[in-house]
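Asker: This is the structure I have questions about; it appears just below.
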Amino acid sequence: MQALMLLLWAGALLGPGSCQDNAGSLEDSPAPDTTGVPVEEEDPFFKVPVNKLAAAISNFGYDLYRVRSSLSPTANVLLSPLSVATALSALSLGAEQRTESTIHRALYYDLISNPDIHGTYKELLAAVTAPQKNFKSASRIIFERKLRIKSSFVAPLEKSYGTRPRILTGNSRLDLQEVNNWVQAQMKGKIARSTREIPSEISILLLGVAYFKGQWVTKFDPRKTSLEDFHLDEERTVRVPMMSDPKATLRYGLDSDLSCKIAQLPLTGSMSIIFFLPLKVTQNLTMIEESLTSEFIHDIDRELKTIQAVLTIPKLKLSYEGEVTKSLQEMKLQSLFDSPDFSKITGKPIKLTQVEHRGGFEWNEDGASTAPSAGLQPARLTFPLDYHLNQPFIFVLRDTDTGALLFIGKILDPRGI
Ligand SMILES: *[C@@H]1O[C@H](CO)[C@@H](O)[C@H](O)[C@H]1NC(C)=O
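Quick note on the numbering used here: the sequence shown kicks off at 60 and runs consecutively.
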């Protein structure tokens, strides 16, 4: 408690561009025991099976994000790793032991003692895609043409993941059209049709799609939105529509280890976005990225303090369409692309050939009410605190109920990808 107040004051004193060392850290160090070895006690939150599973697949999600980000260090990244995790988890239903444990390790299932992972997954999907969340996610497994699939694979797939496998016809125009129609139906038309041809050499194609449009708990006044500078790096700036609120209520903390200011803004439907804003303008967000785990985000969520600040934040409308195949291959999953054992799906040797992801993400001034929700008591600060998202930052969209990571973005240029 004491340490965090210090951090708050330090944050109020720090202007943009300064990078001084401050005592203390956001992370609570585990209490040392008599041998000096830190003892970690499990938070009761993670004892709930659905939260535990959410933490596992979100950790997969942060891994995927890190690989994806390192593959394109100078570009925006937008990912909903959940949809990819769902496709992989569903695929593991058809995997024999060796292949199954490869997938389970990547999804951190080996750290969960849950005899009914797939049943719990169903619960998690229902929780995060409930209508009030404004979050849509769908995943699909697509197989090569003429493949005969065992019904013992199809039934549990439908039961837990609510999806049926698709078998390609071999007519690339028809196949693309069918996939596009499926995406349109799942995303209620919010994601544009793809023109990317489905390659003919597909054996197994995984497809994960997601869409989110945020509704802030407190809406922004559109009259306060104006074109402002966004610093791409130390030299270049661009003008982008920036929303602002001179008296925003947000949750805040300064992480001196990561040299960044963390803020959390609540969304309707028991969701929030957590922002990581470096103390100085840089496109190198590696240090923050390396620290992202479900447990770290959970700690942040508990420890941030409610304050009032001058907030500016760019309007954002991003979409992503492309492959995450290479990223997955770099994540201990290479064997799925070489000689996996999917004999629970079919008698024929098949392997993963491609993993596609499509995502759409948007926020603007829209929100539920014009006044901050009652019950939030901002700490009194003698210094006005500024929080300007006018330089590269990372955001995490998190479901408060389960802790699940639903979207993650690295915004180097808010004008789009
Ligand atoms: C980015 O920052 C990290 C840690 O601060 C450093 O190790 C790395 O070399 C930097 N990368 C680039 C490309 O500058």
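Note that the Cβ used here is the ideal one computed from N, Cα and C, for glycine as well.
Which term fits R361, buried or exposed, when burial requires 16 or more other beta carbons within 10 angstroms of its beta carbon?
Answerer: Residue numbering aside, residue 361 sits at position 302 when the sequence shown is read from its first letter. By the neighbour-count rule (16 or more Cβ atoms within 10 Å), R361 is not buried but exposed.
Asker: Use the C-beta contact count for F442: other C-beta atoms within 10 angstroms, 16 or more gives buried, fewer gives exposed.
Answerer: Along the sequence shown, one-based indexing puts residue 442 at 383. Classification of F442: exposed, given that the 10 Å Cβ count is below 16.
Asker: Counting only the same chain and skipping the five closest in sequence on each side, list residues whose C-beta sits under 6 Å from that of L73.
Answerer: As a first step, residue 73 is located in the sequence shown; it is residue number 14 there, counting from the start. Its pLDDT being 35, under 50, L73 is placed unreliably by the model, and the measurement read from it follows with that caveat. Closer than 6 Å at the Cβ level, and outside the excluded window around L73, lies no residue.
Asker: N343: beta carbon under 7 Å from a heavy atom of ligand 1?
Answerer: Position 284 of the sequence shown, counted from the start, is the residue given in the question as residue 343. The answer is yes for N343.
Asker: Between the Cα of P108 and those of Q367, I176, L370, spot the shortest distance and give me the residue it belongs to.
Answerer: In the sequence shown, counting from the first residue as 1, residue 108 sits at position 49. Of Q367, I176, L370, the residue nearest in Cα terms is I176.
Asker: For E159, which residues does DSSP report across the bridge?
Answerer: On the sequence shown, residue 159 is found 100 positions in, with the first residue counted as 1. BP columns for E159 are empty, so no partner.
Asker: Tell me which residue opens and which closes the alpha helix (DSSP H) that T371 is part of.
Answerer: Residue numbering aside, residue 371 sits at position 312 when the sequence shown is read from its first letter. Careful: T371 lies outside any alpha helix (DSSP H), inside the beta strand (DSSP E) at 364 to 373.
Asker: Residues in its own chain within less than 7 Å of R157 by CB, not counting five upstream and five downstream?
Answerer: Translated into the one-based positions of the sequence shown, residue 157 becomes position 98. Closer than 7 Å at Cβ, skipping near neighbours: D400.
Asker: Going by the CB atoms, is the gap between S142 and A251 shorter than 8 Å?
Answerer: Taking the sequence shown and counting its residues from 1, the one referred to as residue 251 is at position 192. Taking the sequence shown and counting its residues from 1, the one referred to as residue 142 is at position 83. Not a contact, by the Cβ cut-off of 8 Å.
Asker: Assign Q274 to one of three DSSP states: helix, strand, or coil.
Answerer: Taking the first residue of the sequence shown as 1, we reach residue 274 at position 215. Here Q274 sits in coil by DSSP.
Asker: Check each candidate in R282, G462, E101, L152 and name the one with the smallest Cα separation from K403.
Answerer: Within the sequence shown, residue 403 is the residue found at index 344, counting from 1. With distances taken between Cα atoms, K403 lies closest to L152.
Asker: In whole angstroms, what is the alpha-carbon distance linking R255 and L377?
Answerer: Counted from its first residue, the sequence shown places residue 255 at position 196. Counted from its first residue, the sequence shown places residue 377 at position 318. Taking the straight line from one Cα to the other gives about 18 Å.
Asker: Note down the Cα distance separating P103 from I347, rounded to an integer number of angstroms.
Answerer: For the purposes of this step, residue 103 is taken as the residue at position 44 of the sequence shown. For the purposes of this step, residue 347 is taken as the residue at position 288 of the sequence shown. Roughly 26 Å between the two C-alpha positions.
Asker: Does the beta-carbon of P140 have 16 or more other beta-carbons within 10 angstroms, so that it is buried, or is it exposed?
Answerer: Taking the sequence shown and counting its residues from 1, one reaches residue 140 at position 81. The residue in question, P140, is buried, as its Cβ has 16 or more Cβ neighbours within 10 Å.
Asker: Output the boundary residues of the beta strand (DSSP E) element that contains Q450.
Answerer: Within the sequence shown, the letter at position 391 stands for residue 450. No beta strand (DSSP E) holds Q450; DSSP gives it neither H nor E.
Asker: Run through DSSP, which three-state label would Q477 get?
Answerer: What is shown of the chain runs 60 to 476, which leaves residue 477 out entirely.
Asker: Taking T296 as part of the beta strand (DSSP E), name the residues at either end of that continuous run.
Answerer: As a working note, residue 296 is residue 237 in the sequence shown. Residues 296 to 314.
Asker: Please go through the same chain and pick out, in chain order, the residues whose beta-carbon is closer than 8 Å to the beta-carbon of D87, but skip the five residues on each side of it.
Answerer: As a position in the sequence shown, residue 87 is number 28, starting the count at 1. A caution first: D87 carries a pLDDT of 47, below 50, which makes its placement in the model too unreliable to give a value.
Asker: Provide the residue(s) that pair with K283 in DSSP beta bridges, ordered along the chain.
Answerer: On the sequence shown, position 224 is the one that residue 283 refers to. K283 is not bridged to any residue.
Asker: Among the residues of its own chain, which have a CB less than 8 Å from the CB of K374, if the five just before and after it don't count?
Answerer: The residue labelled residue 374 in the question sits at position 315 within the sequence shown. Same-chain partners within the cutoff: T284, V299, P300, M301, M302, W422, N423, E424, P473.
Asker: So, with DSSP's three-state summary, where would you put K192?
Answerer: As a first step, residue 192 must be located in the sequence shown, where it is residue number 133. Residue state, collapsed to three classes: helix.
Asker: Checking 8 Å against the spacing of the C-beta atoms, do I171 and K111 come in under that value?
Answerer: Within the sequence shown, numbered from 1, the residue matching residue 171 stands at position 112. Within the sequence shown, numbered from 1, the residue matching residue 111 stands at position 52. Result yes, Cβ atoms of I171 and K111 sit closer than 8 Å.
Asker: Go through its chain and collect everything with a Cβ distance to I467's Cβ below 6 Å, but skip five positions before and after it.
Answerer: Taking the sequence shown and counting its residues from 1, the one referred to as residue 467 is at position 408. Excluding sequence neighbours, I467 sits near Y124, L138, V455.
Asker: Give me the Cβ distance between Q450 and V297, rounded to the nearest whole Å; I'm assuming they're in contact under 8 Å.
Answerer: Here residue 450 refers to the residue found at position 391 of the sequence shown. Here residue 297 refers to the residue found at position 238 of the sequence shown. With 8 Å as the limit, Q450 and V297 do not qualify as a contact, their Cβ atoms being about 11 Å apart.
Asker: Let me check you understand the geometry: is the CB of A330 closer than 7 Å to at least one non-hydrogen atom of ligand 1?
Answerer: Reading the sequence shown from its first residue, position 271 is the one you call residue 330. With the sequence shown as reference, residue 330 is identified as Met, and Ala is not the correct amino acid for it. Every heavy atom of ligand 1 is 7 Å or more from the Cβ of M330, so no.
Asker: How should L448 be labelled, buried or exposed, when 16 other C-beta atoms within 10 angstroms of its C-beta is the threshold for buried?
Answerer: Residue 448 sits at position 389 when you count from the first residue of the sequence shown. Buried.
Asker: Could you check if M346 belongs to the surroundings of ligand 1, using beta carbon to heavy atom distance under 7 Å?
Answerer: For the purposes of this step, residue 346 is taken as residue 287 along the sequence shown, with counting starting at 1. M346: yes, Cβ under 7 Å from ligand 1.
Asker: The alpha helix (DSSP H) with K218 in it runs from where to where?
Answerer: Mapped onto the sequence shown, residue 218 falls at position 159. 210 to 220 is the extent of the alpha helix (DSSP H) around K218.
Asker: Contact check, S329 vs T188 under 8 Å by CB: the rounded distance?
Answerer: In the sequence shown, counting from the first residue as 1, residue 329 sits at position 270. In the sequence shown, counting from the first residue as 1, residue 188 sits at position 129. With a Cβ gap of about 13 Å, S329 and T188 do not count as contacting.
Asker: Kindly give me the distance between the Cβ atoms of L150 and L265, rounded to whole angstroms, as I take these residues to be in contact under 8 Å.
Answerer: Mapped onto the sequence shown, residue 150 falls at position 91. Mapped onto the sequence shown, residue 265 falls at position 206. Confirmed, about 7 Å.
Asker: Indicate whether S231 and S259 have their beta-carbon atoms separated by less than 8 Å.
Answerer: Walking along the sequence shown from the start, residue 231 turns up at place 172. Walking along the sequence shown from the start, residue 259 turns up at place 200. Yes, the pair counts as a contact, with Cβ atoms nearer than the cut-off.
Asker: If you reduce the DSSP assignment to three classes, tell me which class P408 lands in.
Answerer: Here residue 408 refers to the residue found at position 349 of the sequence shown. It is coil, neither helix nor strand.
Asker: Do P224 and F202 have their beta-carbon atoms positioned less than 8 Å apart in this structure?
Answerer: What you label residue 202 is simply residue 143 of the sequence shown in a count that begins at 1. What you label residue 224 is simply residue 165 of the sequence shown in a count that begins at 1. In this structure, P224 lies closer than 8 Å to F202 by Cβ.
Asker: Report the rounded CA-to-CA distance for K181 versus Y167, giving the unit in angstroms.
Answerer: Position 122 of the sequence shown, counted from the start, is the residue given in the question as residue 181. Position 108 of the sequence shown, counted from the start, is the residue given in the question as residue 167. For K181 and Y167, the distance between alpha carbons rounds to 17 Å.
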